[in-house]
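Mapping of the sequence shown onto the working numbering: residues 16 to 174, in sequence order. Heads up, the thing below is written out as structure tokens.
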Amino acid sequence: MNCPFCGFNESKVIDSRAPADGSGIKRRRECLKCARRFSTCENIETLPLIVVKSDKSREPFNGEKLLRGLMRACENRPIEDGALEKLVFEIQSEIQNKFIREIPSFELGEMAMKKLKDIDLVAYVRFASVYQKFSTLEQFMEILDLLHGDEKIKLPGLR
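Structure, rendered in structure tokens:
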């Protein structure tokens, strides 16, 4: 690591920390020549992830795009700060841990729906309605019936 002050290529690590999201490591270093201190941030190198859309087109995975969709589904819902960012990070980590380079968009949507279901059921139904392109009331009722049939979930006011 070259010192940003004098350019010397040797330094010692004084302190190391992992960011809260576990995405890399931050190190505090001291130059062995000029004794000035500086920080470096090391990130884990990941393979580029490609999303295969339903029309067979491909585009790079964009966590911000997924986050925007989740945020729309969660508008005016009591969602904890940072919960959706954590959800996107978890999805991206799961995919990268499988060492796959391409993922169909429907799988990505299913992963998001599964995790969103544990956070907020209204947001889950909203996300599902857009993701699965609901066009009739019957499609909404089907998903509500599925939720109502799940013993772990209590939905007041449904049949």
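Glycine included, every Cβ here is placed at the ideal spot set by N, Cα and C.
Practice task
Step through the CB atoms of chain C and report whether any lies within less than 9 Å of the CB of A138.
Solution key: Absent here is chain C; the protein component of the structure consists of one chain.
Problem - Inter-residue CB distance, L81 and A127 (contact presumed, cutoff 8 Å) - result: 6 Å
Problem - Under 9 Å between C-beta atoms of K41 and C18 - result: Cβ atoms of K41 and C18: not closer than 9 Å.
Practice task
With DSSP as the reference, please indicate the residues paired to G39 in a beta bridge.
Solution key: In DSSP, G39 forms a bridge with N58.
Exercise for the section: With a floor of 4 residues, list each alpha helix (DSSP H) that falls wholly inside the region 47-99, ordered by position along the chain. Expected result: Listed in chain order, the complete alpha helix (DSSP H) runs (minimum 4 residues) inside the region 47-99 are 78-88.
Handout entry: D133, DSSP secondary structure in three states
Key = helix
Exercise for the section: Say whether the region 91-107 touches the region 146-163, bearing in mind that this needs 3 or more beta-carbon pairs closer than 8 Å, one atom from each stretch. Expected result: no
Handout entry: Which listed residue (I134, K113, F114) has its alpha carbon closest to that of I94
Key = I134
Handout entry: V66, buried or exposed, once every other Cβ within 10 Å from all chains shown has been counted against 16
Key = buried
Handout entry: Test item: CB-CB of E25 and C56 under 9 Å
Key = Using a Cβ distance threshold of 9 Å, E25 and C56 do not count as a contacting pair.
Exercise for the section: Give me the Cα-Cα distance between D30 and F23, rounded to the nearest whole angstrom. Expected result: 19 Å
Handout entry: Residues that DSSP places opposite P119 in a beta bridge
Key = V67
Practice task
State yes or no: is the C-beta of Q147 within less than 9 Å of the C-beta of G124?
Solution key: yes
Practice task
Taking K130 as the reference, give the member of R52, N58, E109 with the closest Cα.
Solution key: E109
Practice task
Indicate whether M16 and R44 have their beta-carbon atoms separated by less than 9 Å.
Solution key: yes
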